[in-house]
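I have placed the structure first, in the form of structure tokens, so that the comments after it can refer back to it.
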Amino acid sequence: MNINSPVFQFIDNLVDFIVLNLVFLITCLPLFTIGAALTAMYDVTMREAREEGGYIVKGYLNSFKKNFKQATIAFIIHFIIGALLIFNLIFWKALNTTTASIVLGIVAAMTIIWFISFLFTYSLIARFDNTIKHTLKNSLLVPFVNLKKTILLLAFQAIVFYLLYTIPEAKIFMVVLGFSFILYCNSILFVKIFKPFETKTVEA
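In the numbering used here, the protein residues as written are 496 to 699.
Rendered as structure tokens:
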């Protein structure tokens, strides 16, 4: 088989992404390392989206180690805030009053903002050298610089969640290839969103 043929390249990339997905799942197992794992995955998949190449697993592990502290702290912050938001959503939804409905709407809006921050933070850590404070701040500012692509990114996540909820077999796909494929698709958009900032450190 010609190693330069499109078929061989497709198979080679598919195997790389399956291996990457496995490494991602393994490094997520302690749970508190999810932030570092997401950062490493975005580091690799954004390089692939920019067609920079490189060693997949080696690049992943190097990024995981390099960004471990910052990504883990960011993940803990997101986890605590997310847990509080979920508690409030459940609490206010259980109360059948006008005031509760208003508060529930506010909390729901805050949850969407939290999700946007969560979605952007780890790709920002992977791409830019910055403090945790600035990274979290930028995770709320950068999405609105290119609002059209941010909406597209959110729509894609919604489709993924819908398919996972409605198709049981989709969970098997996630275990085999899903995370690396989804984050690669995200990375294609992140590369375009981040492009205006790549000549300088993103700070506010």
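Just so you know, even glycine gets a beta-carbon here, dropped at the ideal spot from N, CA and C.
Values in this document were obtained by computation on a predicted structure and should not be read as measured data.
Return the CA-CA distance between residue 533 and residue 594, expressed in angstroms with no decimal places. Here the question's residue 533 lines up with position 38 in the sequence shown. Here the question's residue 594 lines up with position 99 in the sequence shown. The alpha-carbon atoms of residue 533 and residue 594 are separated by roughly 38 Å.
Just to confirm, are residue 700 and residue 606 a CB contact at a threshold of 7 Å? Because the chain in this structure spans residues 496 to 699, residue 700 falls outside the shown range and cannot be described.
C-beta atoms of residue 516 and residue 614 nearer than 7 Å: Here residue 516 refers to the residue found at position 21 of the sequence shown. Here residue 614 refers to the residue found at position 119 of the sequence shown. Going by C-beta atoms, residue 516 is not nearer than 7 Å to residue 614.
Reduced DSSP category for residue 530 - H, G, I as helix; E, B as strand; rest coil: Reading the sequence shown from its first residue, position 35 is the one you call residue 530. Helix at residue 530.
Can you tell me whether DSSP reads residue 623 as helix, strand or coil? Reading the sequence shown from its first residue, position 128 is the one you call residue 623. Three-state DSSP puts residue 623 in coil, outside helix and strand.
Please work out which residues of its chain come closer than 8 Å, Cβ to Cβ, to residue 699, disregarding the five sequence neighbours upstream and downstream, and give them in chain order. Your numbering for residue 699 matches position 204 in the sequence shown. Its pLDDT being 42, under 50, residue 699 is placed unreliably in this model, and the value from its coordinates should be taken loosely. 629, 632, 633 and 636, listed in sequence order.
For residue 567 and residue 654, I'd like the C-alpha separation in whole angstroms. The residue labelled residue 567 in the question sits at position 72 within the sequence shown. The residue labelled residue 654 in the question sits at position 159 within the sequence shown. Residue 567 and residue 654: Cα-Cα distance of roughly 27 Å.
How many Å lie between residue 684 and residue 546 at the Cα? If you number the sequence shown from 1, residue 684 lands on position 189. If you number the sequence shown from 1, residue 546 lands on position 51. Rounded to the nearest angstrom, the two C-alpha atoms are 14 Å apart.
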